[in-house]
Structure formats: C-alpha cells, structure tokens
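This is the structure in structure tokens:
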C-alpha cells in the first residue's frame, strides 16, 4: 500500500506545484496589467518625455498621443506613452 501512497503523494505535490506556478503567473500578469493602466498627468508626461505642453497639445490634435479625461482631469495612459515612444522615456 505504501507504493500507492507514494505515487499519490507525488501526484498531489506535482499538482500543487502546477497550481502554484499558474497562480504566480496570473499574479504577475495582473501586476503588469495594472501598471499598464496607470494614468499620468500632463506635467509628468512632459517630464517623462522631456517635451513642452504645446508638444502634447500638437500630438493630441494629430491623434498621436491622445489623453483621456477622468473626473475633469486630463490624463495619459502609461501604456500608450510607452507604446508610442517605444518605452524610451527620458
């Protein structure tokens, strides 16, 4: 009977390891998703990209980097900034 118990324990351990690995990967993906959803103010975007507010305004008009409004405040999605700039913030 101990041979069957050993196999059962090994299978349970392997299953638990897989479940733990999957849970960790899901947690990492959620953290990446939340970071991508971070919203950045105009002032901080200007600092990140080393550009003037007028440049952001021009980019908005051209559709290059379009902000969103949240509760009357203008914000940019960090993920969009990184996509448009190739992640090369200064």
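Numbering (the numbering used here), first residue to last: 13 to 102.
Note that the Cβ used here is the ideal one computed from N, Cα and C, for glycine as well.
Values in this document were obtained by computation on a predicted structure and should not be read as measured data.
- By the neighbour-count criterion, in which a residue is buried when 16 or more other Cβ atoms sit within 10 angstroms of its Cβ, residue 61 is buried.
- If you draw a 10 Å sphere on the C-beta of residue 57, you find 16 or more other C-beta atoms in it, and that means buried.
- Between residue 71 and the set 23, 32 and 97, the nearest pair of CA atoms involves 97.
- About 32 angstroms separates the beta carbon of residue 89 from that of residue 32, a gap too long to meet the 8 angstroms contact definition.
- Per DSSP, the continuous beta strand (DSSP E) segment holding residue 88 begins and ends at 85–89.
- Secondary structure at residue 63: coil, using DSSP grouped into helix, strand and coil.
- With fewer than 16 other beta carbons inside 10 angstroms of its own, residue 43 counts as exposed.
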